[in-house]
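Residues in the sequence shown are numbered from 1 upward in steps of one, following full-length UniProt numbering.
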Amino acid sequence: MSYKNVHLAATSNPDQFWLEQAKQIAWFKKPSLGYQQNSDGSDSWFADGELNTAYLALDAHVEAGRGQQTALIYDSPLTKTKKQYSYQQLLDEVAQCAGMLTNYGVQKGDRVLVYLPMIPQAVIAMLACARIGAIHSVVFGGFAAKELAVRLDDATPKLLLTATGGLEPNKTIDYQPLIQEALDLAQHQPSAVLIWSRPEIPLTAAFDLWQDALQQASPASFVRLKSTDPLYILYTSGTTGTPKGVVRDNGGHAVAMAYSMSALYNCHVGDVYWAASDVGWVVGHSYIVYAPLIKGCTTVLYEGKPVGTPDAGAFWRVCEEYNVKLLFAAPTAFRAIKKADPEGQLVSKFNLASLNTIFMAGERLDPATLAWTQQHTNKLVVDHWWQTETGWAIAGNPLGIEPFPVKPGSSSLPLPGYKVEILNHVGQPCQAMEQGFIALKRPLPPGCLQTIWKNSARFESSYLTQFPGYYASGDGGYLDEEGYLFVMGRIDDVINVAGHRLSTGEMEAVLSEHPSVAECAVIGVQDELKGQVPLALVVLKDGVYTCAQTLEHELIAQIRAEIGAIACLKQAHIVDRLPKTRSGKILRATLRKVANKEAYSVPSTIDDPAILEEIKHQLTDASA
1 MSYKNVHLAA TSNPDQFWLE QAKQIAWFKK PSLGYQQNSD GSDSWFADGE LNTAYLALDA
61 HVEAGRGQQT ALIYDSPLTK TKKQYSYQQL LDEVAQCAGM LTNYGVQKGD RVLVYLPMIP
121 QAVIAMLACA RIGAIHSVVF GGFAAKELAV RLDDATPKLL LTATGGLEPN KTIDYQPLIQ
181 EALDLAQHQP SAVLIWSRPE IPLTAAFDLW QDALQQASPA SFVRLKSTDP LYILYTSGTT
241 GTPKGVVRDN GGHAVAMAYS MSALYNCHVG DVYWAASDVG WVVGHSYIVY APLIKGCTTV
301 LYEGKPVGTP DAGAFWRVCE EYNVKLLFAA PTAFRAIKKA DPEGQLVSKF NLASLNTIFM
361 AGERLDPATL AWTQQHTNKL VVDHWWQTET GWAIAGNPLG IEPFPVKPGS SSLPLPGYKV
421 EILNHVGQPC QAMEQGFIAL KRPLPPGCLQ TIWKNSARFE SSYLTQFPGY YASGDGGYLD
481 EEGYLFVMGR IDDVINVAGH RLSTGEMEAV LSEHPSVAEC AVIGVQDELK GQVPLALVVL
541 KDGVYTCAQT LEHELIAQIR AEIGAIACLK QAHIVDRLPK TRSGKILRAT LRKVANKEAY
601 SVPSTIDDPA ILEEIKHQLT DASA
């Protein structure tokens with residue numbers, strides 16, 4: 001079937017369409033029910049079905065005779081460690097870990113908080129929770145103690161699984177004092193803390209040793225779960241400053257993961273799939289752990305960076321060494337590679353014959369980064385757009401259904417199951433090419449959030465109230481005449497210059513085309529006359545030395561030529577780096593507060609807090 005026919009089938013009769021897709025996974029009890037809206041406003045799929053996600057990811061493949069196939073590749077340039085697990089070996093590790101959890105009294109419905117670096121124990125712990133019906137909540141290893149405490153109090157886990165620390169290219173991060181501080185701050189106390197001792201970071205805390213606890217355990221079998229039983233809680237930033245615990249179910253999630261691997265990514269049994277992300281982010285949940293394993297692929301767990309471990313050829317080395325078919329990472333990773341290797345010399349040193357496609361998501365893919373990656377890899381590069389809340393892509397190029405031409409700046413077409421509409425501020429549909437609020441017509445497809453943990457009212461107010469009958473994405477954009485979606489960024493990233501609404505994302509795309517610019521951020525600063533005016537912060541490519549004043553004049557001229565004088569760009573500052581979340585998103589909202597001299601708190605998700613202070617001093621010196 002063509003994309004058009006598949007999409008029509010999914011939107012015109014979603015129950016029939018998704019019940020058909022549900023046949024692709026091994027249920028203990030096959031569902032007969034499709035979508036249901038519950039009395040509290042939450043959604044559910046396949047409510048009468050029974051399954052187990054860890055069984056789908058491991059046992060089912062072993063039973064099908066694929067036990068010796070490689071399931072997980074662990075590659076850590078930081079520790080110079082490489083290890084591979086077959087499906088049978090990973091199943092054995094997961095069953096043993098599940099037995100350890102049951103020894104500590106963890107049962108179906110209990111929460112387990114996972115605070116780990118990118119080591120195999122993170123994957124094993126998540127699957128072990130899924131095996132016994134416990135609900136895992138993964139927090140980025142190294143997150144601030146205060147933020148860890150907030151999640152402890154909200155999820156109220158029975159157990160905390162952690163490690164002695166994490167590694168960075170030039171330093172180690174000892175988790176132990178952070179965990180102790182979090183426990184001191186939190187009202188809720190888990191019954192135990194289990195810590196994985198890493199050779200690089202000595203054990204100093206008086207927590208139970210994970211390695212010892214495993215020795216005392218017996219392998220645990222999987223339990224039958226309802227489709228609607230929660231699989232995990234994943235916290236995403238909330239506008240009130242209080243994190244929102246996105247709840248994902250078992251059944252809808254499993255169906256969506258399996259479907260997306262074939263329909264969107266065109267990956268199948270035995271293919272090597274690499275999401276260069278972190279398990280603490282939704283991409284790590286969906287596409288390091290669950291989707292590739294449910295589909296029977298080999299998944300790569302990489303403890304390293306796109307640059308600095310040891311150089312900007314790291315990604316290409318991994319692709320060559322493991323015959324990676326599909327690479328998925330955030331645009332910021334490729335901008336870092338482009339900055340360090342602008343001519344792509346390191347790319348040409350590796351054999352990328354196995355690599356079919358490079359997918360990018362997590363933030364807007366600027367056309368300059370798209371063009372650089374295509375030019376130097378000679379691979380199809382696909383931008384796609386999704387959110388923590390949806391768990392898989394809202395829009396993308398459906399390679400497994402019908403591939404479409406790439407349009408720079410667009411995340412391609414809405415995927416089957418998503419009915420994307422552009423609405424104005426009063427909820428009326430916009431015309432093609434007219435910017436507005438991106439909204440998703442309900443019902444949302446399987447795999448999307450069911451509710452907010454312990455707060456269905458917040459689920460309703462955050463996503464469903466603004467446009468009745470729709471899920472409000474919080475992003476702005478437009479659809480072109482061919483139905484391609486252009487996501488211009490968060491609604492907050494639209495600035496009002498003398499009554500004209502301008503997209504900072506559009507300005508960033510223009511500035512990124514300058515040959516000296518590696519990446520940039522445009523923010524709105526207050527102006528007495530015009531209300532707001534744009535301010536550009538630009539990072540130069542490595543080895544580029546230019547006069548700041550000359551560059552500023554060239555960038556201003558570029559904006560005037562491509563957007564017009566109405567954009568009023570007058571300031572462009574060169575900075576060493578931009579503040580980002582651990583998942584690669586530029587912290588534009590915080591940058592706005594810094595530039596406007598407003599009070600701000602350092603976000604819990606920031607990769608390096610020192611960057612904000614550096615930029616604050618630079619902007620202060622410039623204004624003086």
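For every residue, glycine included, the Cβ atom is placed at its ideal position computed from N, Cα and C.
Non-local C-beta neighbours of M507 in its own chain, meaning closer than 8 Å and more than five positions away in sequence, comprise V522, P534, A536, I559, I563, A567, L569, ordered along the chain.
Cβ contact annotation for S516 (same chain, cutoff 7 Å, sequence separation greater than five): L540, K541, V544, T546, L551, in chain order. In the DSSP assignment, C520 falls within the beta strand (DSSP E) that extends over 517-527. CA-to-CA, the gap between A9 and N397 works out to about 18 Å. Pairing V538 with Q532 gives a Cβ-Cβ distance that is not under 8 Å. DSSP, reduced to helix, strand and coil, places D229 outside both helices and strands of the structure shown, so it counts as coil. A check of alpha carbon separations from P230 across L214, A220, R248, F222 identifies R248 as the nearest. If you look at R66, you'll find it isn't in any beta strand (DSSP E); DSSP assigns it neither H nor E. Taken through DSSP and simplified to helix, strand or coil, L326 comes out as strand. Cβ contact annotation for T357 (same chain, cutoff 8 Å, sequence separation greater than five): Y265, N266, K325, L326, L327, K379, L380, V381, V382, L399, in chain order.
Between L51 and F17, the C-beta gap is not smaller than 8 Å, which leaves the two residues out of contact. CA-to-CA, the gap between D92 and H285 works out to about 21 Å. A direct Cα-to-Cα measurement between H425 and F437 gives close to 7 Å. By the criterion of a C-beta distance shorter than 7 Å, I201 is surrounded in its chain by T164, G165, T172, D174, once the five residues flanking it on both sides are discounted.
Fully enclosed alpha helix (DSSP H) runs of no fewer than 4 residues occupy 87-103, 120-132 of the region 87-148, in order along the chain. Sequence-distant Cβ neighbours of I606 in its own chain, meaning closer than 7 Å and more than five residues away, are P579, T581, L587. Inclusion of A432 and P414 in the CB contact set at 8 Å is not warranted, their separation being larger than that value. If one requires a minimum length of 4 residues, the alpha helix (DSSP H) runs lying completely within the UniProt domain "Acetyl-coenzyme A synthetase N-terminal" (3-56) are 3-12, 14-21, in chain order.
In the three-state DSSP reduction, M261 falls in the helix class (H, G or I). Rounded to the nearest whole angstrom, the CA to CA distance from G133 to W210 is 20 Å. The Cβ-Cβ distance between S262 and H253 does not fall below 8 Å. The three-state reading of DSSP puts W316 in helix, counting H, G and I together. Per DSSP, the beta-bridge partners of D75 are K82, Y302. Beta-bridge annotation (DSSP): V382 is paired with F359. Just so you know, the alpha carbons of A217 and G99 end up roughly 5 Å apart. The three-state secondary structure of W274, taken from DSSP, is strand. Spanning the alpha carbons of S411 and P219 requires a straight line of approximately 44 Å. For the 8 Å CB-CB criterion, W45 and S260 do not form a contact. The Cβ atoms of T156 and K419 do not sit closer than 8 Å to each other. Here the region 178-188 does not lie against the region 58-69, with fewer than 3 beta-carbon pairs under 8 Å apart.
If you draw a straight line from the Cα of G49 to the Cα of A256, it is about 15 Å long.
In the displayed model, A217 falls within coil according to three-state DSSP, outside both helix and strand. Between L293 and L148 a beta carbon distance of about 27 Å is seen, past the 8 Å cut, so the two are scored as non-contacting. In the three-state reduction of the DSSP assignment, Y470 falls in the strand class, which pools E and B. Around the beta carbon of N170, fewer than 16 other beta carbons sit within 10 angstroms, so the residue counts as exposed. In the three-state reduction of the DSSP assignment, A599 falls in the coil class.
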